[in-house]
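Chains as they are written, first to last, in this note's numbering: chain Y, -15 to 372; chain V, -15 to 372; chain B, -15 to 372; chain S, -15 to 372.
Data first, discussion second: the structure below is written as structure tokens.
Okay, structure coming up:
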């Protein structure tokens, strides 16, 4: 399965093409639109989120509600394009408007201008913007529809905002799906959520921004997705790359992640037991991946996000046209995007796992995919039996 | 640039093919062999490291000391293959020897057997073994030779073993190259190094293993490697994926990594200054990557390694043939491989960056690559001037 | 440079994403639209061509007429979608309309239904249709704009329709661009063109269809695009694959192609001369490619197209729902599409060559690409000098 | 499945890595070595073929005769390396020996020197040489072992040498396997074979070389391999690219190929019949591919090879160091390699089809692959039944 997307933040639309979906997958657009809405929600979002209510428009690959196996192209229109058409259009434009030369620290602005030969960071920031993640959420929503039919679910929660952490329990995807959206910061612990919102308020009052950490859990992935045989076939290669490619992510972990560095091997590795003929583990420090493969346990991925680099109070920088010291001017921006970013992580993880499943079972059509995966599950399933 | 490798731990040899090197790169085999030796060194390595002194044998792509632009194939022989030929050979073998059915927690053993239909984890562990990283170190050494000609250097150090951490300063690649190898644990702080070795001793005495953390620094990468324009063209996508694909890595970070989650934006983002016509930053929290591109600062990558899963004292598991509860039997193994793993990280990072440079400047031959990169550096270089 | 497209023949729109264009390429939409028009022209086209006047709509990647280096997404709307919305829409549809079960010989109908589990070949034919080539012509037009800035031009002509052949001279791209569109069958020889049109009339009268052959010439490609070093880096690998992937193509040749099989080596290979310090060839039997690389001469590609499989008079087949013998029912179709197909070949060849140039010179932006290519040309150029 | 190879003609060895083979494939090295021998045979081969008897040496990925799913690395040693070690070694060499500056028309010599900055075409020709195809034959032999287990067979024959053509019948792969190797020119018609050998003799006497044409037939491929859904997923895209990437190929066709251009649609397209509940075709003009997919009929691929460019009597050229007009000096070479080249085509076609099968059915191990493919065959098989 391949995926490319396109689109500037204030351009006409985001667009995406998913190539390689099997035929016969039911596409529930309400589900996709709800995922887009989840990405737009969350305490700490700025004004822009309100003017947009993103909707997917499918251009191809789906007929009468089901995929045709042909590439699925979609767009998500930018609601405020009308007011930007004269600035961001593909034809004649007034390029003297909305120029950004005081390149913002933490953004692609400066390097993008250098690399591509621009003297207006507008030409960079429009694509580097996290707005692009709306397309990835749409693609990830399609991947989730695929996974759901196979009994695989994906959830997430936020466990740190600006240093305010909750005591992070072990949740299944189902628990996260049920509960985390009930919190404005998508935190499972209401007490911590209160404090996180206060932290966001504090940042807002200071004209500052806050980052944080989120966790994605994927339940129901059968053992044996990914492979130990080549470095770039490993599931952690794919997941850590894809999550690392999400805007603002500065750290990615699987399972207990960094904490394993402080422990002895006997404290870390998940022992294996035979319980009435089923092979089970009673812990999941590995986060569902051993030797580059899913091991049948929940896949647990964590990521840390830097604070949004567009800081209202401005940061010291230079104007790339004049060389003068200036303060970075704020684009319209959020204070904290971690709750939304967690939704993006779900989407990205879902897409990677869907892709790896297709790699393992092939599959021109959903009935075939299901049947083959069920067969694999029967053989070793969620809980492996000892018929080997 | 593409790279594939192959080889079982006790097979005839590891083999690798690097496709896409420019012509005219000088290949210093002593350098490559020294890198292989660095991977084999370090406090905490077991007996095997002593019997092997890995050497690269180049089969193609190099003539009279210089690359031909044709694919560079190499092998690294496994010194103890002779005694394994009857067990691991490609022809008739005694498959009843060295069978491993008590699948080891934390390894690919169990999942690999399930996925590929084996009842002897030998068939999995031989490839899943970290022995494979010798090939990657060889490939990375070639990448380093390429980078060195362009004024780019790569160093690493260990800052945590089993929870014993050093105060991690800001080191340039040159400083790391000069000093870290002087320590048996590749730690820059001799005091901490002492404690780390004690920690390793403690693990050994307990029949246990230790993990840790290491940092790679790449100095001299010009701004503009990677791209913000598509998720999988980002430099962090490539680096975090590749590092995530290294055996035992459970966490990858860029720059201050996870710590950015606890801070406000104004505390994190590296301000930009005009110092006598040069654009400079005075901090490098971003770790050299903004918006998916190198920004001209040192690239700083950290990774956490889980403890080696082969624990001498054994861990509870099951025998996959009988279903009986057993203790995992130790393969010959190390107590701590973090100093070596840091060398692997260097190699992997070097390869990714070399690849991304070729993507940006193309380059059929070294003189062209150098000239184009110098031109790019003149334009904005290590320290960007304001000629834009 | 990567490219994916999407779109059903009677769906909302064709869509494409071109990823990896350099910044600063001027996008002339009139040029692109004219290319789309060229694809729709030609003697032998059916009614549908008249209702559609394809226009590109750019969604992203272009601002104020120039590329941003970010992915260029475009759509080409299907003009008659309105009347198909209830049949081909992504939501609820009347799937009992426009069902095709009498699978048409020569089409994807039967195999597509088997592979993807459909009982209505509509689900296959909508994507398998040559309508998709409109997207490729749009993408190829962008590639031509890129090539044109580098002094590279692409032309084509038809030299066989249904067995009526012209005496095929040696034309440069410039000659073909100037003249071939003047003929309704895009043939350079007006006498032969007359006969070709008669052949098409004959086919039409018989309720039949005609195929043919076309040639693409690319002038101005510097020596050294592609590589001899790995099978899939060869320019002929890329070109023959891409042309072979065009609907209806059953044969692809480079240079004198099949004819070289009948001749001795001394009759085939293009001798090399030193003319006043320039290295020249006086023949171009090789068609501009030797050893997997462009050699500086015109690149000459020929392809043979099978007759359109949708034959008005119908062909013996079976109904896949009933198993009954039936005649294939005609979809609205053309009698001969070879003049249009030649335009598609131009587009596909242009895209491949643009991609290979970027592989060789890299290039974040057009000024860089131009400068590097000019430098390469100076070194050996169209006509190699002996400064080596 | 991925494949890379490496190796210079007079270097130490050719090397290849096949990545992505399923576990449990039986590797019969005698079969592979016999394929290598078939490549070395044929009327018209020069002296070198006699000194070499190529043998595969497997370095990894195979244990006790079966694949491990880990990458299969192999080498094929160059028997005469010993006498070339001082010229072609990777370390210090005498680069003044065996210099080739009179660049040979029809070879990569001139362009390769220009592109890569060499003044000795030895640096190019060693890799551009058809010697590389030994590695591809080895890889293709592995692919054949895979296909054979699935009931798929691959044969070839030569139907034209230097303009001497046989009347080319319709042969199944089984017929070709049985008979074509009995002829020194691998021609199915003994009378024509006589004439072909005379043609080769004629070329030899004149100090010249001869090309020709060959056909590959793949029998037993189930319908539905490849896809119509994206240009680069089409089976013809993959096959025509891969065959086009074979040394000396100047034309590739599927089925009746170019001849379809001269016929009407009703004369070309293979009608579909219901014979006692089986869907059958009675002709195979399409050569087994419709709409980018295998349709269950024999896959028939033809290719034309240019005469070997190394002509004993020499061809006019220039010396790239002096600019002087010279005659190209002959490297040791064959007069006609078409019989061997046909074996290479088999290998390349086998690899492509094996890869496409794995894409469709996935498959970590052979039992799974077989089972899934059998299921697909039951559904529509070689001869489709009407159970849809």
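Here a beta-carbon is modelled for each residue, glycine too, at the ideal position from N, C-alpha and C.
In the structure shown, residue 100/B adopts helical secondary structure according to DSSP, grouped into three states. Contact annotation, residue 147/S with residue 254/B: C-beta distance approximately 20 Å; criterion of less than 8 Å not satisfied. Taking a Cβ-Cβ threshold of 8 Å, the residues of chain B close to residue 309/S are 257, 258, in chain order. Around the beta-carbon of residue 266/S, fewer than 16 other beta-carbon atoms lie within 10 Å, marking it exposed. Of all C-beta pairs linking the segment 210 to 230 of chain Y to the segment 227 to 236 of chain V, three or more are shorter than 8 Å, placing the two stretches in contact.
For residue 203/Y, the pairing in a beta bridge is given by DSSP as 137/Y. Spatial neighbours of residue 97/Y in its own chain (CB-CB distance under 8 Å, excluding positions within 5 residues in sequence) are listed in chain order as 87, 103, 104, 105, 107, 108, 304. In terms of Cβ geometry, residue 161/Y and residue 320/Y do not form a close pair [threshold 8 Å]. The beta carbon of residue 89/B is closer than 7 Å to those of 293, 299, 301, 312 in its chain, skipping five residues each way along the sequence.
Taking all protein chains in view, the Cβ of residue 14/B is surrounded by fewer than 16 other Cβ atoms within 10 Å, so the residue is classified as exposed. Within 10 angstroms of the beta-carbon of residue 176/Y lie 16 or more other beta-carbons, which makes it buried.
By the neighbour-count definition (other C-beta atoms within 10 Å, threshold 16), residue 192/V is a buried residue.
In the three-state reduction of the DSSP assignment, residue 265/V falls in the strand class, which pools E and B. The beta carbon of residue 65/V does not come within 8 Å of any beta carbon belonging to chain Y, so the residue lies off that interface. Around residue 70/S, the same chain offers 77, 78, 81 as residues with beta carbons nearer than 8 Å, after the five sequence neighbours per side are excluded. In terms of CA proximity to residue 285/V, 155/V leads the group 155/V, -9/V, 92/V. Listed by position along chain Y, the residues whose Cβ is nearer than 9 Å to that of residue 302/V are 256, 257, 258, 263, 370.
Distance from the CA of residue -1/S to the CA of residue 119/S, rounded to the nearest whole angstrom, comes to 7 Å. Here the C-alpha atom of residue 275/Y lies approximately 26 Å from the C-alpha atom of residue 217/V.
Against residue 238/S, the close residues of chain B are 228, 233, 234, 235, in the order they occur along the chain (beta-carbon pairs closer than 9 Å). Residue range 300 to 302 is occupied by the beta strand (DSSP E) that includes residue 300/S. The criterion of a C-beta distance shorter than 8 Å is not satisfied by residue 83/S and residue 20/S. Chain V has a Cβ within less than 8 Å of the Cβ of residue -4/S. DSSP, reduced to helix, strand and coil, places residue 62/B outside both helices and strands of the structure shown, so it counts as coil.
When Cβ-Cβ separations below 8 Å define contact, residue 53/V makes contact with chain B. Going by C-alpha positions, residue -8/S is about 7 Å away from residue 116/S. The residue from 182/V, 99/V, 153/V with its alpha-carbon nearest to that of residue 6/S is 99/V.
In the structure shown, residue 237/Y falls within a strand segment according to DSSP collapsed to helix, strand and coil.
Between residue 108/S and chain B, the shortest Cβ-Cβ separation is below 8 Å. Around the C-beta of residue 351/V, fewer than 16 other C-beta atoms lie within 10 Å, and the residue is accordingly described as exposed. Short of 6 Å from the beta carbon of residue 42/Y, and not among the five residues preceding or following it, lie these beta carbons of its own chain, in chain order: 58. The closest CA to that of residue 8/B, considering only 72/B, 130/B, -13/B, 2/B, is found on 130/B. Take residue 288/V, set aside five residues on each side of it, and the residues of its chain with a beta-carbon closer than 6 Å to its own are 197, 234, 235, in chain order. Assigned with DSSP and collapsed to three states, residue 287/V falls in strand. One Cα belongs to residue 53/B, the other to residue 1/B, and the distance between them is close to 12 Å. Neighbours of residue 8/V across chain S, judged by C-beta separation under 7 Å: 101.
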